[in-house]
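Take a look at the structure set out below.
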Amino acid sequence: MTALLAVDLPYWAQSLLRVLGGTVAVLLPAGTIVYLFLFKMMSFMQSRLGPMEAGPYGSMQLFAEVGKWLQKEDIAPERADIRVFRAAPLVVLMSTFLLVAVVPFGPDAYFTDFEAGVFYMLAVSSISTLGILMAGWSSANKYSLLGGLRAAGQLIAYELPMVLAVIGVVIQAGSMNLQTIVIKQNSDSIFGWDGLGYPYILTQFVAFLVFMIAVQAELTQTPFDMPIAESELVSGYMTEYSGFRFLIFFIAEFATAGVFAFIASVLFLGGWGVPFAWFGWDDINSVDNWMNFGGPLIMFTKMMVLTGIIMWVRFSYPRFREDQLQRFAWKVLIPVSLVNIMITAIFKVAF
Amino acid sequence: MPKPQVPGLVKGLGVTLGTMLQTIKPKKLGGGAATVQYPHEKETPPIRARGVIALREDNCTSCMLCVRSCPDWCIYIEAHKELAPPRRAGGAPRKVNKIDRFDIDYALCMYCGICVEVCPFDAIFWSPEYEYSEPKIADLLHDRTKLGEWMETVPEAPALEVGAEKKKGK
């Protein structure tokens, strides 16, 4: 961050910049995803136009929605565990903000350069499970409780294939630092040809698929939306929430989608980088400074493509049954990713 | 072993993508949404749509069949007898019912159409007109002049199907 501006900032200014940057990195993707995919793409896929009145092509609709939610009364059920009930949405949103802290957006545009970044990312992403379970348990509502328990079962089941899928990438890169993983992908070459760098989606395609499916489940997007199955559980763990607290859940859902897409693009698609050979860069130190502004844009584009796929799948598929959902995780995804780790390890040792 | 489901999954993605592209395509090229942006452009309802009920007052004999058959009791008729000149010269003067009041309360009406079905004198008709909402609920009570005005919007009865039985008698 400091190198980005080429000035020495005092500590408080750096912290302020980081907080602002983190907020933008979480809320901007969330807003874009909600408008572009949830409002517009979904409507088009159902042969309707979606919001059209608020602003040109309904682009201000999101602000109207936020205003509406902010005006609503903040209701808590009489027998709810009030403190836990109020804290739960914040815990879910917090996990999103913690996630974005390790994502690199450029050669110097990162929040923390963390050696165990992948490990941290996987650990922090499961905090949201805690928040969801808190919400389900404290609502004093049987629908919420069922939704919360389903969510806990599902998120834990799909955490494993996600972890195992990422291990393939970690083995190949030889590092858990997300920044190092990005640099590796962009500075390596495929059999001596360096026109494309070496994005790990080429070798780790299976891991990419498993990771994206697991992300879909972690976000409780539609084929895996058992926890908020609206036809049976009203709204699952969110049933009792209204107004601002519901809004936080809503933001957290789509912000997490954006952050997971950021992480997926870092792990598999080469992150913020362009292949270093294009501009004759050798390593991270020779990367031009403009990449600090180009990098976030590249990341944003990749994020939009990945969330586009997530939403496309969401709008197309019907919901899994609970037992199918669990069976899919334990009997298909986990064995597949274990085999993937094995093959990756063998290739890593052999070559 | 059941067949692998992958082709069906891909096909499903194709359907949604196709619909999206069809909706995005400009109207000139035959694309566009299936919906209508209502206040800006009007939808044309099918001619047999149940929009509003119109009254042809001359045909009404205030027989009260519609009033009695209405499940919501939303039709109000008041009438008095009058003497009319006889049909044939030298006959006794006829007694006819003159309507004083014929109201339909659209705040109550559930658009079942039983009154239209039951009317023996073709005095009540369906009209596809649908824009008659009011700021005040009391204004949804349409009196006989207003119901008469709806007659202009009643479409021509569609021609009988080939081979359909003609009405006997007159």
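So the sequences go chain by chain: R and B. Read in the working numbering, the first sequence has 358 at position 298, and its numbers run on one by one without any break. Read in the working numbering, the second sequence has 837 at position 163, and its numbers run on one by one without any break. Heads up, the beta-carbon is just placed ideally off N, CA and C, and yes, glycines get one too.
* N-terminal and C-terminal residue of the beta strand (DSSP E) that B/Tyr-849 is part of -> Here chain B comprises residues numbered 675 to 844, so residue 849 of chain B is not present and cannot be evaluated.
* Looking at chain B, which residues of the segment 92-116 of chain R have a Cβ within less than 8 Å of any of its Cβ atoms? -> Met-101, Ser-103, Phe-104, Met-105, Gln-106, Ser-107, Arg-108, Leu-109, Met-112
* Asked: Ends of the alpha helix (DSSP H) at B/Asn-771?
  -> Premise fails: B/Asn-771 lies in the beta strand (DSSP E), 768-779, not in any alpha helix (DSSP H).
* DSSP three-state call for B/Leu-729: helix, strand or coil? -> strand
* Apart from the five residues just before and just after B/Tyr-780, which ones in its own chain have a Cβ nearer than 8 Å to its Cβ? -> Val-726, Cys-748, Tyr-806, Leu-814, Leu-815, His-816
* Rounded straight-line distance, which links the Cα of B/Glu-717 to that of B/Arg-761 -> 47 Å
* Out of B/Glu-731, B/Val-710, B/Ala-766, point me to the one whose CA is closest to B/Glu-752's CA. => B/Glu-731
* Asked: Of the choices R/Ser-107, R/Asn-201, R/Ala-212, R/Thr-83, whose alpha-carbon is the least far from that of R/Pro-137?
  -> R/Asn-201
* Asked: Applying a beta-carbon distance threshold of less than 8 Å, which residues of chain R neighbour B/Leu-687?
  -> Trp-372, Val-373, Ser-376
* Report the three-state DSSP secondary structure of R/Thr-62 (helix, strand or coil). => Because R/Thr-62 sits at a pLDDT of 46, beneath the cut-off of 50, its placement in the model cannot be relied upon, and the following sentence gives the value as read from the coordinates. DSSP places R/Thr-62 in helix when its eight states are reduced to three.
* To do: Could you work out which residues of chain R lie near B/Met-694, taking near to mean beta carbons separated by less than 7 Å?
  => Met-101, Phe-104, Met-105
* To do: Return the chain-ordered list of same chain residues with a C-beta closer than 6 Å to the C-beta of B/Pro-719, the five sequence neighbours on each side being excluded.
  => Pro-802
* Asked: Closer than 7 Å, CB to CB, is R/Val-178 near chain C or not?
  -> Of the chains in the structure shown, none is chain C; the protein chains are R and B.
* Measure from the C-beta of B/Ile-698 to each C-beta in chain R and report whether the shortest distance is under 7 Å. => yes
* Asked: Mind checking if B/Pro-681 is an interface residue toward chain R, Cβ cutoff 7 Å exclusive?
  -> no
* So, using beta-carbon positions, are R/Met-184 and R/Leu-159 closer together than 7 Å? -> The residue you asked about is not Met; residue 184 of chain R is Val in the sequence shown. Yes, the Cβ-Cβ distance between R/Val-184 and R/Leu-159 is below 7 Å.
* **R/Ala-274 and R/Met-222 closer than 7 Å at C-beta** => yes
* Taking only the alpha-carbon atoms, compute the straight-line gap between R/Gly-331 and B/Gln-711 and give it to the nearest angstrom. => 41 Å
* To do: Drop a sphere of 10 angstroms on the beta-carbon of R/Thr-367, count the other beta-carbons inside from all chains shown, and report buried for 16 or more, exposed for fewer.
  => buried
* Does DSSP put R/Leu-327 in a helix, a strand or coil? -> helix
* To do: Please go through the same chain and pick out, in chain order, the residues whose beta-carbon is closer than 8 Å to the beta-carbon of R/Ile-231, but skip the five residues on each side of it.
  => Ile-401, Thr-404, Ala-405, Lys-408
* Check whether the segment 344-358 of chain R touches the segment 71-78 of chain R, taking contact to mean three or more Cβ pairs, one atom from each stretch, closer than 8 Å. => no
* Asked: From R/Phe-375 to R/Met-154, what distance separates their C-alpha atoms?
  -> 27 Å
* Proximal residues to R/Ala-85 (C-beta, below 6 Å), its chain only, five neighbours per side dropped -> Val-160
* According to the Cβ coordinates, are R/Gln-245 and R/Gly-228 closer than 7 Å? -> no
* To do: Determine the DSSP secondary structure at R/Trp-372, reduced to helix, strand or coil.
  => helix
* Let me know the secondary structure DSSP gives R/Ser-103 once reduced to three states. => helix
* Asked: B/Ala-707 CB to nearest chain R CB: under 7 Å?
  -> yes
* To do: Would you please verify whether the beta carbon of B/Thr-690 is less than 7 Å from any beta carbon of chain R?
  => yes
* Just list the alpha helix (DSSP H) runs in the segment 123-161 of chain R, keeping only unbroken ones of 4 residues or longer that don't cross its boundaries, in chain order. => 142-160
* Asked: B/Cys-740 and B/Cys-793: beta carbons closer than 7 Å?
  -> yes
* Shortest alpha-carbon distance to R/Tyr-260 belongs to which of R/Thr-240, R/Gln-276, R/Ala-277, R/Tyr-301? -> R/Thr-240
* To do: Output yes or no for whether 7 Å exceeds the beta carbon distance between B/Gly-822 and B/Leu-683.
  => no
* Asked: Which of helix, strand or coil does DSSP assign to R/Ile-250?
  -> strand
* Quick one: give me the first and last residue of the alpha helix (DSSP H) that R/Phe-388 is part of. => Where R/Phe-388 is concerned, there is no enclosing alpha helix (DSSP H), given that its DSSP letter is neither H nor E.
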